[in-house]
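**Student:**
There are 2 protein chains.
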Amino acid sequence: MASQPESSLPERSKGEQGAEGAAPSKSALKKAAKEKEKAEKAAKRQQQEQQEREKAAQNDTASHLYGPMVYSSSSVPTGRYIEDLGDLNAVEEETKVTIEARVYSTRKQSAKLSFLVIGEGDHTIQAVVAEGGEQKISRQMIKWCGGINTESIVRITGLVKKPFEEIKSTSITKYELHVQEIFMVSEAPEQLPIQRKDCNQPPPTEEEGNAEKEGLINVSLKGRLDNRVISLRASAQQAIIELQSEVSFLFAEYMRKHKFKWIQPSYLAGAATEGGAGVFEIKYFETKAYLTQSPQFFKQMAIAGDMKRVCINGPVFRAENSNTKRHLTEFTGLDFEMTIQNHYHEVLSFGEQLMIFIIRALQTRPECQHLVNIIKKAGYPEAGDFQLPPGDEAVRITFAEAKKMLKESGYDIGEDEMEDIDTAQEKALGALILSKHHTDFYTIDKYPRTLRPFYTHPDPTNPLLTNSYDFFMRGQEIMSGAQRIHNYDLLCQNMREKGLDPLAEGFRHYTDAFRYGCAPHGGGGLGLNRIVQFFLGLRDVREATLFPRDPGRLAP
Amino acid sequence: MASQPESSLPERSKGEQGAEGAAPSKSALKKAAKEKEKAEKAAKRQQQEQQEREKAAQNDTASHLYGPMVYSSSSVPTGRYIEDLGDLNAVEEETKVTIEARVYSTRKQSAKLSFLVIGEGDHTIQAVVAEGGEQKISRQMIKWCGGINTESIVRITGLVKKPFEEIKSTSITKYELHVQEIFMVSEAPEQLPIQRKDCNQPPPTEEEGNAEKEGLINVSLKGRLDNRVISLRASAQQAIIELQSEVSFLFAEYMRKHKFKWIQPSYLAGAATEGGAGVFEIKYFETKAYLTQSPQFFKQMAIAGDMKRVCINGPVFRAENSNTKRHLTEFTGLDFEMTIQNHYHEVLSFGEQLMIFIIRALQTRPECQHLVNIIKKAGYPEAGDFQLPPGDEAVRITFAEAKKMLKESGYDIGEDEMEDIDTAQEKALGALILSKHHTDFYTIDKYPRTLRPFYTHPDPTNPLLTNSYDFFMRGQEIMSGAQRIHNYDLLCQNMREKGLDPLAEGFRHYTDAFRYGCAPHGGGGLGLNRIVQFFLGLRDVREATLFPRDPGRLAP
Numbered sequence: 001m002a003s004q005p006e007s008s009l010p011e012r013s014k015g016e017q018g019a020e021g022a023a024p025s026k027s028a029l030k031k032a033a034k035e036k037e038k039a040e041k042a043a044k045r046q047q048q049e050q051q052e053r054e055k056a057a058q059n060d061t062a063s064h065l066y067g068p069m070v071y072s073s074s075s076v077p078t079g080r081y082i083e084d085l086g087d088l089n090a091v092e093e094e095t096k097v098t099i100e101a102r103v104y105s106t107r108k109q110s111a112k113l114s115f116l117v118i119g120e121g122d123h124t125i126q127a128v129v130a131e132g133g134e135q136k137i138s139r140q141m142i143k144w145c146g147g148i149n150t151e152s153i154v155r156i157t158g159l160v161k162k163p164f165e166e167i168k169s170t171s172i173t174k175y176e177l178h179v180q181e182i183f184m185v186s187e188a189p190e191q192l193p194i195q196r197k198d199c200n201q202p203p204p205t206e207e208e209g210n211a212e213k214e215g216l217i218n219v220s221l222k223g224r225l226d227n228r229v230i231s232l233r234a235s236a237q238q239a240i241i242e243l244q245s246e247v248s249f250l251f252a253e254y255m256r257k258h259k260f261k262w263i264q265p266s267y268l269a270g271a272a273t274e275g276g277a278g279v280f281e282i283k284y285f286e287t288k289a290y291l292t293q294s295p296q297f298f299k300q301m302a303i304a305g306d307m308k309r310v311c312i313n314g315p316v317f318r319a320e321n322s323n324t325k326r327h328l329t330e331f332t333g334l335d336f337e338m339t340i341q342n343h344y345h346e347v348l349s350f351g352e353q354l355m356i357f358i359i360r361a362l363q364t365r366p367e368c369q370h371l372v373n374i375i376k377k378a379g380y381p382e383a384g385d386f387q388l389p390p391g392d393e394a395v396r397i398t399f400a401e402a403k404k405m406l407k408e409s410g411y412d413i414g415e416d417e418m419e420d421i422d423t424a425q426e427k428a429l430g431a432l433i434l435s436k437h438h439t440d441f442y443t444i445d446k447y448p449r450t451l452r453p454f455y456t457h458p459d460p461t462n463p464l465l466t467n468s469y470d471f472f473m474r475g476q477e478i479m480s481g482a483q484r485i486h487n488y489d490l491l492c493q494n495m496r497e498k499g500l501d502p503l504a505e506g507f508r509h510y511t512d513a514f515r516y517g518c519a520p521h522g523g524g525g526l527g528l529n530r531i532v533q534f535f536l537g538l539r540d541v542r543e544a545t546l547f548p549r550d551p552g553r554l555a556p
Numbered sequence: 001m002a003s004q005p006e007s008s009l010p011e012r013s014k015g016e017q018g019a020e021g022a023a024p025s026k027s028a029l030k031k032a033a034k035e036k037e038k039a040e041k042a043a044k045r046q047q048q049e050q051q052e053r054e055k056a057a058q059n060d061t062a063s064h065l066y067g068p069m070v071y072s073s074s075s076v077p078t079g080r081y082i083e084d085l086g087d088l089n090a091v092e093e094e095t096k097v098t099i100e101a102r103v104y105s106t107r108k109q110s111a112k113l114s115f116l117v118i119g120e121g122d123h124t125i126q127a128v129v130a131e132g133g134e135q136k137i138s139r140q141m142i143k144w145c146g147g148i149n150t151e152s153i154v155r156i157t158g159l160v161k162k163p164f165e166e167i168k169s170t171s172i173t174k175y176e177l178h179v180q181e182i183f184m185v186s187e188a189p190e191q192l193p194i195q196r197k198d199c200n201q202p203p204p205t206e207e208e209g210n211a212e213k214e215g216l217i218n219v220s221l222k223g224r225l226d227n228r229v230i231s232l233r234a235s236a237q238q239a240i241i242e243l244q245s246e247v248s249f250l251f252a253e254y255m256r257k258h259k260f261k262w263i264q265p266s267y268l269a270g271a272a273t274e275g276g277a278g279v280f281e282i283k284y285f286e287t288k289a290y291l292t293q294s295p296q297f298f299k300q301m302a303i304a305g306d307m308k309r310v311c312i313n314g315p316v317f318r319a320e321n322s323n324t325k326r327h328l329t330e331f332t333g334l335d336f337e338m339t340i341q342n343h344y345h346e347v348l349s350f351g352e353q354l355m356i357f358i359i360r361a362l363q364t365r366p367e368c369q370h371l372v373n374i375i376k377k378a379g380y381p382e383a384g385d386f387q388l389p390p391g392d393e394a395v396r397i398t399f400a401e402a403k404k405m406l407k408e409s410g411y412d413i414g415e416d417e418m419e420d421i422d423t424a425q426e427k428a429l430g431a432l433i434l435s436k437h438h439t440d441f442y443t444i445d446k447y448p449r450t451l452r453p454f455y456t457h458p459d460p461t462n463p464l465l466t467n468s469y470d471f472f473m474r475g476q477e478i479m480s481g482a483q484r485i486h487n488y489d490l491l492c493q494n495m496r497e498k499g500l501d502p503l504a505e506g507f508r509h510y511t512d513a514f515r516y517g518c519a520p521h522g523g524g525g526l527g528l529n530r531i532v533q534f535f536l537g538l539r540d541v542r543e544a545t546l547f548p549r550d551p552g553r554l555a556p
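Chain order of the listed sequences is A and B.
Start counting the first sequence at 1; every next residue gets the next number (UniProt numbering).
Start counting the second sequence at 1; every next residue gets the next number (UniProt numbering).
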């Protein structure tokens, strides 16, 4: 590991980060010109090196066995191509294989012997380059191998052999790879801003800072996100993103099975609803447009167009200047909307069963469990311990019952019965429900009318309440849903009571949908990033987001 | 059908449409106030009517059998609930059923007898309301039924019976429904801007205008899109959108089977790439941001982060002032990116097999064929006649071969071998390939370097060409793809040659990804809307889009 720098600080200065989004300045242009000059010099140097290498190669018996990878239409692997490094465990001894993976470390033992650790995620194998042999491996080749920068990608052909003794430093312990050919596919630089291996554990809390932990440097969340391409190579970080992929596929699977149609809403709207607060404004040719805040209106218009059951997987944009561990300006929404036959609890039950299906699959399907185990092994304290209700019977309480539970446990829930439960109380409630009902997933039903948007259907039996619900995982909200108002007059009245004009440009098409006749319906919008965050118990939603966006981050 | 207006013109004036996206004017506010007054008057009138109705009800033996639908937590259907109207064909005679669907038409035969046509998409059944019987159905109830506005949604409980003779005007011919109870779930107004039934055929060409066709009024595409909620109820229009849903599910199915990870790119970027042309600018708190033009950079960064195979289903934004039948400012991209082992044709073959899988499924799976048949029956001339290559063996020609084919058929392909094939020639080529190779789907490989973006990998054997390809359906492009440059120096050089600065804010994170080492890779981006458009042979991509956006349309 000698070639890896000790410091995990990014190469780039903070000043440069801050310039994100600005137009290229004079100094940037100057810098670009300088860079060009540098590149030309580098090219010249490369050429010289190439010539020197060619000279040396005249005395090199192995010059055809290593060096830059050259692709031709006939370039085929000379050994059996192993797609996943982990599969090496399953091949027979003495098999000739070809692999393509990263160099995790190099060690030049002597002029006659080099060792490399070749890796792909959690799978690693030791590769041995030894002088002589059938191939007549040269000292030049051994030197070249010992000098490969870590994180470079190489293609190796060689023989799978049993080592003298079991190798303890790699995941594949029973084999090593005796290199016959090694070509450079993609060369990494000598210095990287952060190291992959320093990202394979939970990022430090703000108090911990960039502290070394158990002998490892632990890169801050900011450092990881600034250098996403490198931190993503850390197996735990990649597993988190892959688990998000699983949730998307599971959502699609469940929706398809239940005859939902996958629709594409529009993300551009001609007028801002709700007065423009929380909505991003766009220059749209000669006029303005807005990024929609949610696909709510489009889902409901599809229902009014008789589509019965629709679902969406797409971005949700929020122009909210919130800088918390669970807010982003852009996240992924898993939305569904369905007609109701008799009672809005049909929708609530459907949503509960959907969530139980997804979480149960994450806990039981081998491909998901594999990912959870990687994350758990990397030291995430809550990964793998998520509790579903016994017998998969969803636990559902009303808003009033939730407040009562909090009060009985000594929490100050205020005088007003309609006052919201705050974030801290929500978390406390999560703990109360876990101890009473043994589940980390539950729903709260029947929220007060004052707390819900204008399109939420009132409770016909109590005008102060609504037919609405939130879903929770570990005491934190992952979904908001409700029966929606399908009666045009009631909708207009409700909007006016909330100070909105049902005939305004931004609402007209939406309200018309109900004027033209619409079936009773309800639905919900799940936050994909939050599902992953709370299932795994991650501290920050950014960890569960491939390229997070917040008021201060617009790159990479 | 007497209650349906003869005109299909929208109620709203064109002037109002043009105000899309503008801030509410004084006249709009005045109008809103007027509207409020109107609503209050209407409420008063409703109250009076209600009182009158209650009076009349005192002499009405059937007053509990009809009227507004009232929901209570115990409201359950009194008959067997039939979810899909088409399922009525399968029930036994004399079954008591409950259905909820739209009133397509009403006919008051006499004071003692009313007929209704109840419909759901293409499925229709005749409902009979006759005086007397066990329920003591009253003349008031019959009058009420005869006066229901079409497109209203009603809940009916009644007996399924054989009619005296087969009914020719409904899709269910062997049964009629003898109404015992009928409640109003959602009332449509007397006048609608367009009629559902006038949208169930291809929209008129510009030459045809809003002309009557075979006795039906044919609503223009603009009229349909302005009133999407109504036109979407037309079974052919809904089937087109449902077919789009099938393509999304099929894409996900194929990707999952081939171990792709479903990633979420960001749609917001801090700097505009390629100089900002074609990119929408956003106000982002105190700074600016841009809507990404494609997920290209994010897909490639995921590959550089060792994700191997990634796919995306999401919006693509293009700030291009194109007003054609195949361009939108927002469409859905089905994107994939994968590492390459030996040759970029691995990616090309994968893409071809993906498309053949999707199209073959659309042609053979019963749920898809059902949709194609609805569209075909509605008179779309090319629906259902799409040709796949014999034996599902993809037809692949090079750009040079394509030009040669055109030249041999007498087309002027210009002097320059590197000159692009224009849209008209592409269509002609589609016809040539159909006649020669009997396929509507094919690919063109090896485009000139001058025609492709900077990240396209050059052809190692010919510096004028690239390892890139387009996919075509019926002579029109549905996908662009290529091997991408994974070598940092080559990428920077290529960017500089195209006048781009690899170190500019908008590129820095992207180019760094390759500096840190990246495996060879390639991919493509399919246009979901175009796949549906060209598979069905629709004239305009807007027909294959639920809520289309173009330079002149930002609503509904």
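Glycine included, each C-beta is placed from N, C-alpha and C at the ideal position.
Given the structure is predicted, the values throughout are model-derived calculations rather than measurements.
Which first and last residues belong to the alpha helix (DSSP H) in which P551/B is found?
**Tutor:** It is not in any alpha helix (DSSP H) - P551/B carries neither H nor E in the DSSP assignment.
**Student:** With a cut-off of 8 Å on the beta carbons, I'd call T150/B and S105/B a contact; round off their distance for me.
**Tutor:** Contact flag correct, Cβ pair sits at about 6 Å.
**Student:** With a cut-off of 7 Å, does the C-beta of K222/A fall near any C-beta of chain B?
**Tutor:** No, K222/A lies away from the interface with chain B (no Cβ there is under 7 Å from its Cβ).
**Student:** Does the segment 234 to 248 of chain A touch the segment 254 to 263 of chain B, meaning 3 or more C-beta pairs lie closer than 8 Å?
**Tutor:** The segment 254 to 263 of chain B vs the segment 234 to 248 of chain A: in contact.
**Student:** How would you label D445/A, buried or exposed, when you count the other beta carbons within 10 angstroms and need 16 or more for buried?
**Tutor:** By the 10 Å Cβ count, D445/A comes out buried.
**Student:** Just to check my reading of the structure: A101/A and I153/A have Cβ atoms closer than 8 Å, yes? What is that Cβ distance to the nearest angstrom?
**Tutor:** That pair is a contact at about 7 Å.
**Student:** Looking at the structure shown, is D445/A part of a helix, part of a strand, or coil, going by DSSP?
**Tutor:** If DSSP states are grouped into helix, strand and coil, D445/A belongs with the strands.
**Student:** At the 7 Å Cβ level, is P24/B part of the contact set with chain A, yes or no?
**Tutor:** Low confidence applies to P24/B: its pLDDT is 44, below 50, so where it sits in the model is not reliable, and the reading given next is rough at best. It does; some Cβ of chain A falls within 7 Å.
**Student:** Please check if any C-beta of chain B sits within less than 7 Å of the C-beta of H123/A.
**Tutor:** Output row for H123/A: interface = no.
**Student:** Counting along the chain, where does the alpha helix (DSSP H) carrying R139/B start and finish?
**Tutor:** Here the alpha helix (DSSP H) through R139/B covers 139 to 146.
**Student:** At a Cβ threshold of 7 Å, is P556/B touching chain A?
**Tutor:** So, interface residue.
**Student:** Just the C-alpha distance for L528/B and V316/B, rounded to the nearest angstrom, thanks.
**Tutor:** Those two C-alpha atoms are separated by around 11 Å.
**Student:** If the cut-off is 9 Å on Cβ atoms, which residues from the segment 488 to 520 of chain A count as contacting chain B, listed in chain order?
**Tutor:** Going along the segment 488 to 520 of chain A in chain order, one finds Y488, D489, C492, Q493, R496, D501, P502, L503, A504, E505, G506, R508, H509, Y510, D512, A513, F514, R515, Y516, G517, C518, A519, P520 with a Cβ nearer than 9 Å to chain B.
**Student:** Taking the alpha helix (DSSP H) that D512/B belongs to, which residues open and close that run?
**Tutor:** Run containing D512/B: 505 to 515, per the alpha helix (DSSP H) assignment.
**Student:** Mind pulling the chain B residues with CB within less than 7 Å of R233/A?
**Tutor:** Ordered by position in chain B, the residues that pass the 7 Å Cβ test against R233/A are G305, D306.
**Student:** Mind reading off the beta-carbon distance from F285/A to I282/B? Whole number of angstroms is fine, and I expect it under 8 Å.
**Tutor:** In fact, because the Cβ distance is near 14 Å, the residues do not count as touching under 8 Å.
**Student:** Within the continuous beta strand (DSSP E) that includes D489/A, where are the two ends?
**Tutor:** Run containing D489/A: none in the beta strand (DSSP E); it sits in the alpha helix (DSSP H), 488 to 497.
**Student:** Would you say E352/A and A383/A are within 7 Å of each other, going by their C-beta atoms?
**Tutor:** No, Cβ-Cβ distance for E352/A and A383/A is not below 7 Å.
**Student:** Chain A beta carbons: is any one of them nearer than 7 Å to that of I142/B?
**Tutor:** Answer no: the Cβ-Cβ gap between I142/B and chain A never drops below 7 Å.
**Student:** Assuming contact is defined by CB atoms lying nearer than 7 Å, are M184/A and M69/A in contact in what I supplied?
**Tutor:** In this structure, M69/A lies closer than 7 Å to M184/A by Cβ.
**Student:** Give the list of continuous alpha helix (DSSP H) stretches no shorter than 4 residues that lie fully inside the segment 100 to 182 of chain A.
**Tutor:** You should have 139 to 146.
**Student:** So, for Y516/A: in the same chain, excluding its five sequence neighbours on each side, which residues have a beta-carbon less than 8 Å away from its beta-carbon?
**Tutor:** Cβ neighbours of Y516/A beyond the five flanking positions: A304.
**Student:** When DSSP labels each residue in this structure, what does E337/B get in the three-state scheme?
**Tutor:** Reduced to three states, the DSSP call for E337/B is strand.
**Student:** Applying the 10 Å Cβ sphere with the 16-neighbour rule, what's the burial state of P502/A?
**Tutor:** Classification for P502/A: buried.
**Student:** Strictly under 7 Å for the Cβ-Cβ distance: is P551/A near chain B by that measure?
**Tutor:** Chain B, which has a Cβ nearer than 7 Å to the Cβ of P551/A, makes this yes.
**Student:** Rounded to a whole number of angstroms, what is the C-alpha to C-alpha distance between I397/A and F350/A?
**Tutor:** Those two C-alpha atoms are separated by around 16 Å.
**Student:** Quick one, which of S235/A, A378/A, G86/A, V372/A has its alpha-carbon nearest F386/A's?
**Tutor:** Nearest of S235/A, A378/A, G86/A, V372/A to F386/A, Cα basis: V372/A.
**Student:** Exposed or buried, L464/B, counting other C-beta atoms within 10 Å across all chains shown (16 or more means buried)?
**Tutor:** With fewer than 16 Cβ atoms within 10 Å of its Cβ, L464/B is classed as exposed.
**Student:** For a test of the three-state rule: what should DSSP assign to H258/B, helix, strand or coil?
**Tutor:** Note: H258/B maps to coil in three-state DSSP.
**Student:** For my contact list, L362/B and F535/B are in at a C-beta cut-off of 8 Å; report their separation, rounded to the angstrom.
**Tutor:** About 6 Å; that satisfies the 8 Å criterion.
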